[in-house]
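Right, one structure below, let's go through it.
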Amino acid sequence: MFYREAGQYKSNYKADMAIFPLREDKIGIGVIILAAYSLAFLGDSFLLQAVMIPFLVFSLAAIGLNILTGYAGLLSLGTGAFMGVGAYACYKLMTAFPDVNVIVWIFVSGFFSAAIGALFGLPSLRIKGFYLAVATLAAQFFLQWCFIRIPWLVNYNVSGALDAPLRTLFGVPIIGATATPQTRYLVVLTIVVVLTWLASNLVHGRIGRAWIAIRDMDLAAELMGIRPLQTKLLAFAVSSYYCGVAGALLVFLWYGGAEYDVFNINQSFFILFMVIIGGLGSLIGSFFGAALIFIMPIVLGIVLPAMFSPFGISVGSDTIEHLRFMIVGALIIFFLIVEPHGLARLWQIGKQKLLVWPFPY
Amino acid sequence: MSFRKLSLGLAVATLVGGAALPAFAQDSVYVPLFTYRTGPFAGSGIYIADGMHDYLQMLNERDGGIGGVKLALEECETGYDTKKGVECYESVKGKNPVVVNPWSTGITLPLIPRASVDKIPILSMAYGLSASARGDIFPWIFNPPATYWDGMSMIVKYIGEKEGGLEKLKGKTIGFLHLDAAFGKEPIPLLNELAKTYGFEVKLYPVAAQDMQNQSSQWLSVRRDRPDYMIMWGWGSMNGAAVKEAVRSGYPMDKFYSVWWPSEDDARAGGAGAKGFKMLNWHSVGADLPALKDIQKHVVDKGLSKAPKDSVGTLLYNRGVYNSLLIAEAIATAQKLTGKKVVTGEDVRRGMENIKLDPARLKELGLEGFTGGMELTCSDHNSHSPAFMQEWDGTKWVKISEPIQPMTEQVRAQLDAAAKDYAEKNPGWPKRTEACDKAS
Chain C
64 MFYREAGQYK SNYKADMAIF PLREDKIGIG VIILAAYSLA FLGDSFLLQA VMIPFLVFSL
124 AAIGLNILTG YAGLLSLGTG AFMGVGAYAC YKLMTAFPDV NVIVWIFVSG FFSAAIGALF
184 GLPSLRIKGF YLAVATLAAQ FFLQWCFIRI PWLVNYNVSG ALDAPLRTLF GVPIIGATAT
244 PQTRYLVVLT IVVVLTWLAS NLVHGRIGRA WIAIRDMDLA AELMGIRPLQ TKLLAFAVSS
304 YYCGVAGALL VFLWYGGAEY DVFNINQSFF ILFMVIIGGL GSLIGSFFGA ALIFIMPIVL
364 GIVLPAMFSP FGISVGSDTI EHLRFMIVGA LIIFFLIVEP HGLARLWQIG KQKLLVWPFP
424 Y
Chain D
15 MSFRKLSLGL AVATLVGGAA LPAFAQDSVY VPLFTYRTGP FAGSGIYIAD GMHDYLQMLN
75 ERDGGIGGVK LALEECETGY DTKKGVECYE SVKGKNPVVV NPWSTGITLP LIPRASVDKI
135 PILSMAYGLS ASARGDIFPW IFNPPATYWD GMSMIVKYIG EKEGGLEKLK GKTIGFLHLD
195 AAFGKEPIPL LNELAKTYGF EVKLYPVAAQ DMQNQSSQWL SVRRDRPDYM IMWGWGSMNG
255 AAVKEAVRSG YPMDKFYSVW WPSEDDARAG GAGAKGFKML NWHSVGADLP ALKDIQKHVV
315 DKGLSKAPKD SVGTLLYNRG VYNSLLIAEA IATAQKLTGK KVVTGEDVRR GMENIKLDPA
375 RLKELGLEGF TGGMELTCSD HNSHSPAFMQ EWDGTKWVKI SEPIQPMTEQ VRAQLDAAAK
435 DYAEKNPGWP KRTEACDKAS
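Heads up: the protein sequence lines correspond to chains C and D, in order.
Here the working numbering is used: the first residue of the first sequence is 64, the next is one more, and so on.
Here the working numbering is used: the first residue of the second sequence is 15, the next is one more, and so on.
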């Protein structure tokens, strides 16, 4: 009723090609962004620090992997390592040049990750599918090996861990222990919004269409004049850039210090699951996937004890943990069966149904 | 696919979740216990979790808490995963916890800078950042009773004594089998230093975290090099796998030493051949102390514990008890210092700094001979306590030595360098502002 196309005329090509052609969609996205910002002032520190910041960080990493796997069709298991490159690069840069604002270094650190990603993307020209996944697995193990063995990366820290020295933005601490969850959240949110907007423009433009063409049939794409090497390497570079920035955010704005082990193979799988559950080739799917894989267990951890307690059953934290695993696992299978194209597809169907509501056709 | 049902379900779930956050009474002291009963390290985590929980629960049941104040215990499951550990920390932060024990070096590290801001002391018992033994730089972090450097110096000292003096180590080879992570690599500088001083040779056998259960290549090298002694710095499944491999490759077990983390199960993994395997420890094994019997009576027999009856008194269970003993002592000391009954994190930090466990106090607690004396001060948050050597006799651990003093001088040098390094790398690391209590 309130959400319909009727009466909205598109008078030029630009309006027709817009990402959000409907007025309601434009308003909707504005409301979501506004709500996200106002959450900084309404949410408590647990919600911001333990739920929203990691959710946004994982969403950003999922966008990164989605560009590579969802849009360009290149399967990668090196996400964790590429995140690590961003984190370590950011650490080196911010300790070597403490006077430059750390926000600059967060964005710059992504370029290091992009370079490494492009390097490990070179084999993608010759190998595809599962074989490429194995090649990127090599990147994961090699880079992880570097994180452990090269003490220079952590400034010869005895503990071998990254730590987050105090850094400020406009005089307000954003990194370090004194930074409040509120400021951290605002910084992460702004970075994620900006990068998502950039990604949206990328995937809807010439570059994005080239990626999709390569994904759907690389031989045909090549015949149409798309150069596979450049396109694939660009996909690797852009994807790794996003992962790198996400890695830097993860260590410095969420954990505030981390060991190399954070960037292990499990992290790569974690992000890959988000992308698959959320929907391959969809930006909003990356957010959905991150929400399902990361926020769902937290919600279950709060909901389950509350559901048992009225009946006088007290369950231990370990039982809750086992239940979390089982329920999340079952939900993943459930969603994959009812909608193999991910949550993003569900969202799309829902929107379409709303468009024609109350008439079914 | 019915969207209506799905969205309805989600909405209900969110509503239920929002309405049900546990509340804690104001007249109790909130002690969160970070445990890992799930995940790859649950094999050791369950014993530790039971020990920690049961001792404090026993105080609740027997004495009505500490100083007349009940302890509100709550376990938070970390699965030994940094991500979940940090989530646990955030979820307990708002409930005024008096102390946090992360039980994982990976979780400890991100919490170190936050401790002073959130005013929550962190007790990382013999793990975490060794440099945090310096109370003047890390007022909120405590890692008693010994650092890994202390442990390494004790093992080398013990080996030296067996050889008839440390100078007899000249020309010998010591193999160092370690987890290839910050934890396992930490003692290497000290080992190299000692090697230079006493003229022995060090051979390193790193084990990557993903290869913990497959150490055949390392033990092949051991077989080739035939080091005179082997020292192990392992955790979780690495310990059991190493014992098994050592037995299989025919390494003389009486020359195989470990830091304090292997459990009975790890030693048992080697079968009968594991006899003679030695490890450092600082508390007794077994359940024939009054306090441990009280745990049996007041907690386990009443069905308030998750622990099976026979796990009380095992090595890692008692390790958990030791951890809780420190928590309880810190709370009791804080009550004495402040005169308050319901203490806060700031009070417990002061209490922790004034912990004094001497034989008399241990006897009072029903833990006579459980552990050696231990005293923390304002500047020393570790105490560098001696530990003893125990040997696996095929079925249980047997204490075989008197407490071994660490080589204080060498450890001190490492510690100061590391603490200075940490503070230097973190410009703006806050200067200690917390006042020191006079030794009582």
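In this text, a Cβ means the ideal position worked out from N, Cα and C, and glycines have one as well.
Predicted, not measured: the structure shown is a model, and the values here were computed from it.
Confirm, please, whether the CB-CB distance from residue j to residue i is below 8 Å.
i, j, result
"Trp117 of chain D", "Val299 of chain D", "no"
"Met293 of chain D", "Ser272 of chain D", "yes"
"Gln227 of chain D", "Ala255 of chain D", "yes"
"Ile96 of chain C", "Phe145 of chain C", "no"
"His404 of chain C", "Gly341 of chain C", "no"
"His297 of chain D", "Thr385 of chain D", "yes"
"Lys84 of chain D", "Ser138 of chain D", "no"
"Tyr69 of chain D", "Leu339 of chain D", "yes"
"Gly344 of chain C", "Phe326 of chain C", "no"
"Tyr472 of chain D", "Pro111 of chain D", "Since the first residue shown for chain D is 15 and the last is 454, residue 472 of chain D is missing from the structure and cannot be characterised."
"Gly271 of chain C", "Tyr134 of chain C", "yes"
"Gly143 of chain C", "Gln293 of chain C", "no"
"Pro276 of chain D", "Asn253 of chain D", "yes"
"Ser319 of chain D", "His67 of chain D", "yes"
Please report the distance separating the alpha-carbon of residue i from that of residue j.
i, j, result
"Tyr323 of chain C", "Ser74 of chain C", "54 Å"
"Ile412 of chain C", "Val338 of chain C", "19 Å"
"Leu316 of chain C", "Phe422 of chain C", "47 Å"
"Ile376 of chain C", "Met370 of chain C", "9 Å"
"Leu29 of chain D", "Glu416 of chain D", "In this predicted model, Leu29 of chain D has a pLDDT of only 45, less than 50, meaning its place in the structure is not dependable enough to derive any value."
"Thr243 of chain C", "Leu193 of chain D", "35 Å"
"Phe197 of chain D", "Trp247 of chain D", "8 Å"
"Asp281 of chain C", "Phe350 of chain C", "28 Å"
"Gly136 of chain C", "Leu394 of chain C", "25 Å"
"Gly106 of chain C", "Gln245 of chain C", "9 Å"
"Leu351 of chain D", "Asp451 of chain D", "9 Å"
"Lys176 of chain D", "Ala401 of chain D", "16 Å"
"Gln310 of chain D", "Tyr331 of chain D", "13 Å"
"Lys98 of chain D", "Val106 of chain D", "12 Å"
"Leu195 of chain C", "Ile130 of chain C", "16 Å"
"Lys295 of chain C", "Arg240 of chain D", "51 Å"
"Trp420 of chain C", "Phe193 of chain C", "43 Å"
"Phe388 of chain C", "Leu85 of chain C", "40 Å"
"Asp79 of chain C", "Tyr103 of chain D", "49 Å"
"Tyr50 of chain D", "Ser251 of chain D", "14 Å"
"Ile67 of chain C", "Leu417 of chain C", "What sits at residue 67 of chain C in the sequence shown is Arg, not Ile. Near 8 Å, if we compare the C-alpha coordinates of Leu417 of chain C and Arg67 of chain C."
"Ile60 of chain D", "Asp280 of chain D", "14 Å"
"Asp95 of chain D", "Thr52 of chain D", "10 Å"
"Arg212 of chain C", "Ala283 of chain C", "44 Å"
"Val217 of chain C", "Leu225 of chain C", "6 Å"
"Gln71 of chain C", "Pro373 of chain C", "52 Å"
"Pro216 of chain D", "Ala260 of chain D", "What sits at residue 216 of chain D in the sequence shown is Val, not Pro. Distance between the alpha carbons of Val216 of chain D and Ala260 of chain D is about 18 Å."
"Lys316 of chain D", "Pro322 of chain D", "12 Å"
Please identify the residue among the options whose C-alpha is closest to the C-alpha of residue i.
i, options, result
"Gly189 of chain D", "D:Met403, D:Pro159, D:Asp242 and D:Thr52", "D:Asp242"
"Ile365 of chain C", "C:Gly379, C:Gly352 and C:Thr253", "C:Gly379"
"Ile383 of chain C", "C:Ser372, C:Glu402 and C:Leu363", "C:Leu363"
"Arg328 of chain D", "D:Leu47, D:Ile62 and D:Tyr50", "The sequence as given places Thr at residue 328 of chain D; Arg does not occur at that position. The residue with the shortest Cα to Cα distance from Thr328 of chain D is D:Ile62."
"Phe55 of chain D", "D:Thr92, D:His395 and D:Arg128", "D:Thr92"
"Ala130 of chain D", "D:Ser325, D:Asp279, D:Thr119 and D:Asp150", "As written in the sequence, residue 130 of chain D is Ser, which differs from the Ala given in the question. The residue with the shortest Cα to Cα distance from Ser130 of chain D is D:Asp150."
"Gly141 of chain C", "C:Ala201, C:Leu232, C:Asn218 and C:Ile347", "C:Ala201"
"Pro228 of chain C", "D:Glu438, D:Arg446, D:Glu448 and D:Tyr265", "D:Glu438"
"Glu88 of chain D", "C:Val401, C:Pro368 and C:Ile237", "C:Pro368"
"Gly82 of chain D", "D:His395, D:Trp443, D:Val357 and D:Pro322", "D:Val357"
My assumption, with CB atoms under 8 Å, is that residue i sits in contact with residue j. Please give the rounded CB distance.
i, j, result
"Leu206 of chain C", "Val148 of chain C", "6 Å"
"Ala432 of chain D", "Ala145 of chain D", "4 Å"
"Met267 of chain D", "Leu191 of chain D", "Actually they are not in contact, since the Cβ atoms of Met267 of chain D and Leu191 of chain D sit about 14 Å apart, beyond 8 Å."
"Lys184 of chain D", "Gly174 of chain D", "At roughly 10 Å, the Cβ-Cβ gap does not stay under 8 Å, so Lys184 of chain D and Gly174 of chain D are not in contact."
| message | Whether or not the stretch 149-165 of chain D and the stretch 193-205 of chain D are in contact is what I'm after, with contact meaning three or more pairs of Cβ atoms, one per stretch, closer than 8 Å; do they touch? | response | The way I'd put it, the stretch 193-205 of chain D does touch the stretch 149-165 of chain D; three or more beta-carbon pairs between them come closer than 8 Å.
| query | Should the stretch 416-429 of chain D be called in touch with the stretch 116-136 of chain D, which here means at least 3 C-beta pairs below 8 Å? | reply | By the criterion of at least three beta-carbon pairs nearer than 8 Å, the stretch 416-429 of chain D is not in contact with the stretch 116-136 of chain D.
| Would you call the stretch 261-270 of chain C and the stretch 106-121 of chain C in contact, with 3 or more CB pairs under 8 Å? | By the Cβ test, the stretch 261-270 of chain C is not in contact with the stretch 106-121 of chain C, since fewer than three Cβ pairs between them sit closer than 8 Å.
| query | Would you say the stretch 300-309 of chain D touches the stretch 372-380 of chain D, given that touching needs at least three Cβ pairs under 8 Å? | reply | Here the stretch 300-309 of chain D makes contact with the stretch 372-380 of chain D; the two share three or more CB pairs at distances below 8 Å.
| said: Three or more C-beta pairs under 8 Å: does that hold for the stretch 386-402 of chain D against the stretch 73-92 of chain D? | reply: Between the stretch 386-402 of chain D and the stretch 73-92 of chain D, the count of Cβ pairs shorter than 8 Å is below three; the stretches do not touch.
| message | Counting beta carbon pairs with one atom in the stretch 177-191 of chain C and one in the stretch 286-300 of chain C, are three or more of them shorter than 8 Å? | response | Yes, they touch.
| said: Using a Cβ-Cβ cutoff of 9 Å, what residues of the stretch 103-131 of chain D are near chain B? List them in chain order. | reply: Here the protein chains are C and D, and chain B is not one of them.
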